[in-house]
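K.L.:
In the order they appear, the protein sequences are chains A and B. The opening position of the first sequence corresponds to residue 1 in my numbering, with each subsequent residue numbered one higher. The opening position of the second sequence corresponds to residue 1001 in my numbering, with each subsequent residue numbered one higher.
There are 2 protein chains.
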Amino acid sequence: MKESPQSLSYSQLGQRASEPVITDLMHRALENSELLSLAAGFTDNITLPVDLVRRALERLGNEMPGAEYLQYGTNRGRAGLLIEVANWLNASESEAAPEPFTAESVFISNGSQQALYLAMQSLCDAGDIILVQQPTYFVFLELCRGLGIRAVSLPALADGGTDFAALSEFFLKLKTEHGAARIKALYLNSYYGNPSSRSVPVEEKRALGRALLDHALHVPVIEDAAYRELWFDHPYPAPSVFSLPEFDSLPRLYLGTFTKPLATGLKVGYGVCSHPEWMGKMLSLKGHQDFGTPNFNQSLIENILAAGEYGPHLERVRANYGEKAKIMGVALEASPLRKLGWSWETPLGGLYYWLRGPEGLDLSIGSAFCEQAVREGVLYVPGDLCVAEGDPKNFARLSFGSLAKEKLAEATERFVRVAVAHG
Amino acid sequence: MKESPQSLSYSQLGQRASEPVITDLMHRALENSELLSLAAGFTDNITLPVDLVRRALERLGNEMPGAEYLQYGTNRGRAGLLIEVANWLNASESEAAPEPFTAESVFISNGSQQALYLAMQSLCDAGDIILVQQPTYFVFLELCRGLGIRAVSLPALADGGTDFAALSEFFLKLKTEHGAARIKALYLNSYYGNPSSRSVPVEEKRALGRALLDHALHVPVIEDAAYRELWFDHPYPAPSVFSLPEFDSLPRLYLGTFTKPLATGLKVGYGVCSHPEWMGKMLSLKGHQDFGTPNFNQSLIENILAAGEYGPHLERVRANYGEKAKIMGVALEASPLRKLGWSWETPLGGLYYWLRGPEGLDLSIGSAFCEQAVREGVLYVPGDLCVAEGDPKNFARLSFGSLAKEKLAEATERFVRVAVAHG
Chain A
1 MKESPQSLSY SQLGQRASEP VITDLMHRAL ENSELLSLAA GFTDNITLPV
51 DLVRRALERL GNEMPGAEYL QYGTNRGRAG LLIEVANWLN ASESEAAPEP
101 FTAESVFISN GSQQALYLAM QSLCDAGDII LVQQPTYFVF LELCRGLGIR
151 AVSLPALADG GTDFAALSEF FLKLKTEHGA ARIKALYLNS YYGNPSSRSV
201 PVEEKRALGR ALLDHALHVP VIEDAAYREL WFDHPYPAPS VFSLPEFDSL
251 PRLYLGTFTK PLATGLKVGY GVCSHPEWMG KMLSLKGHQD FGTPNFNQSL
301 IENILAAGEY GPHLERVRAN YGEKAKIMGV ALEASPLRKL GWSWETPLGG
351 LYYWLRGPEG LDLSIGSAFC EQAVREGVLY VPGDLCVAEG DPKNFARLSF
401 GSLAKEKLAE ATERFVRVAV AHG
Chain B
1001 MKESPQSLSY SQLGQRASEP VITDLMHRAL ENSELLSLAA GFTDNITLPV
1051 DLVRRALERL GNEMPGAEYL QYGTNRGRAG LLIEVANWLN ASESEAAPEP
1101 FTAESVFISN GSQQALYLAM QSLCDAGDII LVQQPTYFVF LELCRGLGIR
1151 AVSLPALADG GTDFAALSEF FLKLKTEHGA ARIKALYLNS YYGNPSSRSV
1201 PVEEKRALGR ALLDHALHVP VIEDAAYREL WFDHPYPAPS VFSLPEFDSL
1251 PRLYLGTFTK PLATGLKVGY GVCSHPEWMG KMLSLKGHQD FGTPNFNQSL
1301 IENILAAGEY GPHLERVRAN YGEKAKIMGV ALEASPLRKL GWSWETPLGG
1351 LYYWLRGPEG LDLSIGSAFC EQAVREGVLY VPGDLCVAEG DPKNFARLSF
1401 GSLAKEKLAE ATERFVRVAV AHG
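Below is the structure:
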C-alpha cells in the first residue's frame, strides 16, 4: 500500500470517529432560516436569562474586585457552586435521601454531556456493554459507538416501561453471550427522558435496582436527569437513585445540568457521585481534557443561584414550555394522525413529543418521508437514532423547545401534512 | 479475589487515571493564601478584561435581541469567531503563509488543552510515540501518560535547542526499537514555550521539518503557540509551520488560545488544521465530549475582537508581564544564585523563568528542597515534571504570571533563601 505524504494513520478511536448526527441537525437548523426545526433540542430564546446574566456580571464586578471570576478555577469546580448544587438537590421536593447531598460528592462538567463521556471513558473498554432504555438519548448512543461500547436496550413494554417479565432471561442471555464482566453500567434517562418524555416511576426504578442485585450485576447506575427541572405542573414525584435504598450498594452517578433549564450557551452541568474513587478517575480524565469547566460560567451560575434568582427563572421557563407543549398537542390532536394509526403520550415535562407512526412507515434519515419533510420545510429527529438496536423506523421526535410559539403550530402542521401524504 | 459490592472495575484508561499534578498545584495555590505561588501558570488578575467583558455583554444585548449568544452554538465554533481567528493570524507580523489562513481550517476548543487531547485521541493508541522537546509542557506529558502514549524527547543541546548532530541516530534507534509506524506526531511548544520560555528559531524549525522528511517520518506536526501573544518588546520573528515550505507535505495543527492572553476564566482556544479529514475526526470526538465550546464565551470573544479591543488589551498585558519578568529577573540577578552554580535565560515573553540548579541538587516533589520551600511559603514547579524521560532533578519553573508585582520580589527571595540554604 503506497502512502501519499498527506495520508494519516489514525488511532482505533480516530478510525471509528464520524460526524455526529447532532452536529448535522444543529447545522441544518442554524444555517437555514427557511426551515422550521422540530429536530434540535435547543431551548427557547425568549427564556434565555439575559437579565439574570447581566445582573450577575454586575454583582460579580462589585463583589470580586480581584476579578477572580475571570481567572482559572479548579478542575472539580467552584467551591461555592458545588455547595449551591448540593443545596439545590437537598431542597428538591421529590428527594428523600437518608443522608443529605454534600458538596464533596459534586463535580462540575461541560454540560452533562462531558460527564457522560468521562463516565464511559473511565468504565468501558471497546467491546464492553452498557444497559440503556428503549428509546434513549441518541447522542449518548453515538458517544458509545465512538468509544466502541455496545449499548444494549433493556426489554421494554409498549409504553416504554421495563418489561420485568422478560428481564431475567435477558440478563441470563447477555451474561452467557458476553460474560457478566462485560456489563459495565446501567444508563437511565429518568425524568422527562429524551426522546420519549417518559419519566421512570418510583416502583419501576426500585424494581430495576432489585433486578440488578438479584442478577449479581453490581454495576454503576448513571441517572441522567437533564430534563428534571422542566416539569409543567408539578415535579415528577420519583426521587433519584440516591434516595432509594435498592441502590445503596451500587456506585451511582447522578447528572444534572444548568444547560437546558438556564442557558444552553453557558453549558455547565454537574455530576453527583457516590463513589469517591470513581469520581477521582473521572476528574483525572477531565484534568487531561480541560482541567476545569470555565470558571466565568460557573461564577455567573453560582451568583444567580446564591441570589435566589434560579427558582423564579425556572417558573417562567416551565410556564413557557408547558404552554408550547399544549400548542403542539392541540395541533397534533386536531390532526387526523391518530386516525391514521399514529400514537403518542402527552408530555408532562421536557421538550419533546415522541410519536409512533403506523407499523411499516419509514421515517428514518434519507427516507421518502424525511426528504419530503425537508421539502415541506420542517425537521424532526428520526426515531431510529434513539434506539440501540433493532432499528425501528416508525418513530419521530418532535421538539417544541426552540421554535417561537407563533411558528410551532405551523411547523407541526407541516409535519402533519407529510404524515397525511404518507397515509 | 473477593469483590465488595462497591468495588468497581475500570477501563484501561480508568486504571491509568491518577490525580493530575496541575490539579494539586492549583489547589495549593488557591486554597492557601499564606503561600506565595510561583508554581501555577495563572495569569495576573489585574490584566483580566473586566471592562472588555462588561462592554461586550452590553453590546451583545443590544445587537442580538434574540439573545442567541446564550443559546447553543455549533460543534466547530461560531462562524464569526472562526473568521476573526483567521483574520488575526493573517494580520500577524511574523506570518508569511503562501496562502492566507481561512476560517474553514479553524475550530474552537475548550482552551488549547482540549485540542491537544482531541489530537492525541485521534492519532494515538496506547503504546504509540509522540516526539516532544526537552523540556516540554508538563500537562501534555500527563495527558500522554493518561492515554498510554509514550512521549520521547528529541535530543537537546544545553540551551534547549534541537541537537541535530544526534538526530539521525536518535530517529534510527527509535524506528528500530519501536517501528516507524509507532511514531505518530511531533509536538512543538514553539513560542516562549512552557516551561523554558524558549522560542524555536526559524532555522531550527525548518531543519526539523527537513529532518522529519529525510527520515521518512510523514507525521503530523502539532505547534502549540499558547504563549505566542505574550511577547514583551516585539513578537518572536519565526513564522508558524503553516508558513514554512518544509512542512507543506505534513499534516499540521496549530494551536492558539484566548485563555492566557485574554481570560483564563473564559477558556476558549482554537486549532488551525491543514488536514480536513483529521480535523473531522477531532471534531467528531469533540461532538461526543461536549458538542461545542460554550457559545456565550465565544460570543464575548468574537465581539471583543470585532470591536478591535483585543489588540489594545494585549498591549496592556504585554507591558505588565514584561515588567513582572524584570522584577523577578532583578531579584534573581541580585541573588548569589549564579555564583552557587544556578543558570537561566532571561525570557523575552511568556510567563516563566526556567532555572537550572547545580548538578546533583534535587528540586523534585517531596525533596528536602521542595518541602523547605513550602515551609518558607513559596511554591514552584519541579522541573522533572516537564521532561519526558531521564528525570533530571535540578530544574525549577518559576512563574511570574499570577502574583501581584509587590509580592513577586518577596516570593523570588523566598525561593532564593531556600536555594542558598541548599548551597
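All residues carry an ideal CB built from backbone N, CA and C; glycine is no exception.
Please tell me whether A1325(B) has its Cβ less than 8 Å away from any Cβ of chain A.
P.N.:
Here residue 1325(B) corresponds to residue number 325 of the second sequence, with the count starting at 1. For A1325(B), the answer is no, since every Cβ of chain A falls outside 8 Å of its Cβ.
K.L.:
Quick one: does P1428(B) have its CB under 8 Å from some CB of chain A?
P.N.:
The shown model of chain B, from 1001 to 1423, leaves out residue 1428(B), and the question about it has no answer.
K.L.:
Within 8 Å (strictly less), CB to CB, does P1098(B) reach chain A?
P.N.:
The residue you call residue 1098(B) lines up with position 98 of the second sequence. Chain A, which has no Cβ nearer than 8 Å to the Cβ of P1098(B), makes this no.
K.L.:
List the residues of chain A whose Cβ lies closer than 9 Å to the Cβ of L1141(B), in chain order.
P.N.:
Taking the first residue of the second sequence as 1, we reach residue 1141(B) at position 141. The premise fails here: L1141(B) is roughly 11 Å from chain A at the closest Cβ pair, so nothing lies under 9 Å.
K.L.:
Let me know if G272(A) comes out buried or exposed under the rule of 16 or more other beta-carbons within 10 Å of its beta-carbon.
P.N.:
In the first sequence, counting from the first residue as 1, residue 272(A) sits at position 272. At residue 272(A) the sequence reads Val, which differs from the Gly that was named. Buried: at least 16 other Cβ atoms inside 10 Å.
K.L.:
Under a CB-based cut-off of 8 Å, is A226(A) close to chain B?
P.N.:
Along the first sequence, read from residue 1 onward, the residue named residue 226(A) stands at position 226. Output row for A226(A): interface = no.
K.L.:
Going by DSSP in three states, P1261(B) sits in which element: helix, strand or coil?
P.N.:
What you label residue 1261(B) is simply residue 261 of the second sequence in a count that begins at 1. Residue state, collapsed to three classes: coil.
K.L.:
Pull out every residue of the segment 1202–1224 of chain B whose Cβ sits closer than 8 Å to any Cβ of chain E, in chain order.
P.N.:
Reference to chain E is not applicable here, since the protein chains of this structure are A and B.
K.L.:
When you compare only the Cα positions, how much space is there between A442(A) and L217(A)?
P.N.:
An answer regarding residue 442(A) cannot be provided, because it is not within the stretch 1 to 423 covered by chain A.
K.L.:
Please identify the residue among L131(A), S122(A) and A79(A) whose C-alpha is closest to the C-alpha of A1017(B).
P.N.:
Position 17 of the second sequence, counting from 1, holds the residue named residue 1017(B). Closest by alpha carbon: S122(A).
K.L.:
Tell me whether T47(A) sits in a helix, a strand or coil according to DSSP, three-state version.
P.N.:
Taking the first residue of the first sequence as 1, we reach residue 47(A) at position 47. It is helical.
K.L.:
Between D362(A) and S11(A), what straight-line distance do the alpha-carbon atoms span, to the nearest angstrom?
P.N.:
For the purposes of this step, residue 362(A) is taken as residue 362 along the first sequence, with counting starting at 1. For the purposes of this step, residue 11(A) is taken as residue 11 along the first sequence, with counting starting at 1. Using only the alpha carbons, I get a separation of about 36 Å.
K.L.:
For E1223(B), which beta-bridge partners are listed by DSSP?
P.N.:
Looking up residue 1223(B) in the second sequence gives position 223. Looking at the DSSP assignment, E1223(B) forms a beta bridge with L1188(B) and Y1254(B).
K.L.:
In chain order, what residues of the same chain lie with their CB nearer than 8 Å to the CB of R1059(B), ignoring the 5 residues before and after it?
P.N.:
For the purposes of this step, residue 1059(B) is taken as the residue at position 59 of the second sequence. Here the set comprises N1303 and A1307.
K.L.:
For L379(A), which beta-bridge partners are listed by DSSP?
P.N.:
On the first sequence, residue 379(A) is found 379 positions in, with the first residue counted as 1. Looking at the DSSP assignment, L379(A) forms a beta bridge with S37(A).
K.L.:
Can you check the segment 332–400 of chain A for any alpha helix (DSSP H) of at least 4 residues that lies completely inside it and give the ranges in chain order?
P.N.:
With a minimum length of 4 residues, the continuous alpha helix (DSSP H) runs that stay inside the segment 332–400 of chain A are 368–376.
K.L.:
What is the rounded straight-line gap between the Cα of K1205(B) and the Cα of F1107(B)?
P.N.:
Looking up residue 1205(B) in the second sequence gives position 205. Looking up residue 1107(B) in the second sequence gives position 107. Each residue's alpha carbon lies about 24 Å from the other.
K.L.:
Using 8 Å as the cut-off, can you tell me whether the segment 1398–1405 of chain B makes contact with the segment 1143–1155 of chain B, which would need three or more C-beta pairs spanning the two stretches below that distance?
P.N.:
The segment 1398–1405 of chain B makes no contact with the segment 1143–1155 of chain B; the number of CB pairs closer than 8 Å stays below 3.
K.L.:
Please determine if the segment 1332–1347 of chain B and the segment 1309–1316 of chain B are in contact, where contact requires at least 3 C-beta pairs separated by less than 8 Å.
P.N.:
no
K.L.:
Hey, how far is the Cα of K1002(B) from the Cα of R210(A)?
P.N.:
Taking the second sequence and counting its residues from 1, the one referred to as residue 1002(B) is at position 2. Taking the first sequence and counting its residues from 1, the one referred to as residue 210(A) is at position 210. Residue placement at K1002(B) is poorly supported in this model, since its pLDDT is 36, which falls under 50; the coordinates still yield a value, given next. Take the alpha-carbon of K1002(B) and the one of R210(A): they are about 21 Å apart.
K.L.:
Need the endpoints of the beta strand (DSSP E) that E409(A) sits in, please.
P.N.:
If you number the first sequence from 1, residue 409(A) lands on position 409. One point to set straight first is that residue 409(A) is Ala, not Glu, in the sequence displayed. First-last for A409(A): K405 to A421, but that is the alpha helix (DSSP H), not the beta strand (DSSP E).
K.L.:
In terms of residue numbering, what span does the beta strand (DSSP E) encompassing A271(A) cover?
P.N.:
As a first step, residue 271(A) is located in the first sequence; it is residue number 271 there, counting from the start. The question names Ala, but residue 271(A) in the sequence shown is Gly. Per DSSP, the unbroken beta strand (DSSP E) holding G271(A) starts and ends at G269 to C273.
K.L.:
Does T1346(B) pass the burial test, meaning 16 or more other C-beta atoms within 10 Å, or should it be called exposed?
P.N.:
Taking the first residue of the second sequence as 1, we reach residue 1346(B) at position 346. By the neighbour-count rule (16 or more Cβ atoms within 10 Å), T1346(B) is not buried but exposed.
K.L.:
If the cut is a Cβ gap below 9 Å, which residues of chain B does G146(A) touch?
P.N.:
The sequence position of residue 146(A) within the first sequence is 146, counting from 1. Under the 9 Å cutoff, chain B gives S1284, L1285, G1287 and H1288.
K.L.:
Among R338(A), L300(A), L188(A) and R356(A), which has the Cα closest to the Cα of M64(A)?
P.N.:
Here the question's residue 64(A) lines up with position 64 in the first sequence. Closest option to M64(A), Cα to Cα, is L300(A).
K.L.:
What is the DSSP secondary structure of I149(A), reduced to helix, strand or coil?
P.N.:
Numbered from its first residue, the first sequence carries residue 149(A) at position 149. The answer is coil: DSSP assigns I149(A) none of H, G, I, E or B.
K.L.:
Report the rounded CA-to-CA distance for F296(A) versus V378(A), giving the unit in angstroms.
P.N.:
Position 296 of the first sequence, counted from the start, is the residue given in the question as residue 296(A). Position 378 of the first sequence, counted from the start, is the residue given in the question as residue 378(A). Going by the C-alpha atoms only, they are around 36 Å apart.
K.L.:
What did DSSP end up calling S109(A) once you bin it into helix, strand or coil?
P.N.:
Here residue 109(A) is taken as the residue at index 109 of the first sequence, counted from 1. Residue state, collapsed to three classes: strand.
K.L.:
L197(A) and G61(A) look like a contact to me (Cβ under 8 Å); what is the Cβ gap, rounded to whole Å?
P.N.:
Counted from its first residue, the first sequence places residue 197(A) at position 197. Counted from its first residue, the first sequence places residue 61(A) at position 61. A small fix is needed here, since residue 197(A) is Ser in this sequence, not Leu. So it is not a contact: roughly 40 Å between Cβ atoms.
K.L.:
Does the beta carbon of Y137(A) sit closer than 8 Å to a beta carbon anywhere in chain B?
P.N.:
Here residue 137(A) refers to the residue found at position 137 when the first sequence is read from its first residue. Judged by the 8 Å Cβ criterion, Y137(A) is not in contact with chain B.
K.L.:
On the DSSP letters alone, give me the boundaries of the alpha helix (DSSP H) that V1202(B) sits inside.
P.N.:
As a position in the second sequence, residue 1202(B) is number 202, starting the count at 1. Per DSSP, V1202(B) belongs to the alpha helix (DSSP H) from V1202 to D1214.
K.L.:
Note down, in chain order, every chain A residue with its Cβ under 7 Å from the Cβ of H1313(B).
P.N.:
In the second sequence, the residue the question calls residue 1313(B) occupies position 313. Within 7 Å Cβ-Cβ: nothing; H1313(B) doesn't reach chain A, min ~12 Å.
K.L.:
Could you say which of K1324(B), G1311(B), T1264(B) and Y1072(B) lies nearest to E1410(B) if we only look at CA atoms?
P.N.:
Here residue 1410(B) refers to the residue found at position 410 when the second sequence is read from its first residue. Of K1324(B), G1311(B), T1264(B) and Y1072(B), the residue nearest in Cα terms is K1324(B).
K.L.:
Go ahead and label I1183(B) buried or exposed: buried means 16 or more other beta carbons lie within 10 angstroms of its beta carbon, across all protein chains shown.
P.N.:
Residue 1183(B) sits at position 183 when you count from the first residue of the second sequence. I1183(B) should be labelled buried.
K.L.:
Around the Cβ of K1393(B), are there at least 16 other Cβ atoms within 10 angstroms (buried) or fewer (exposed)?
P.N.:
Counting from one through the second sequence, the residue named residue 1393(B) turns up at place 393. Classification of K1393(B): buried, given that the 10 Å Cβ count is 16 or more.
K.L.:
How many Å lie between Y352(A) and Y1069(B) at the Cα?
P.N.:
Here residue 352(A) corresponds to residue number 352 of the first sequence, with the count starting at 1. Here residue 1069(B) corresponds to residue number 69 of the second sequence, with the count starting at 1. Cα-Cα distance, rounded: 23 Å.
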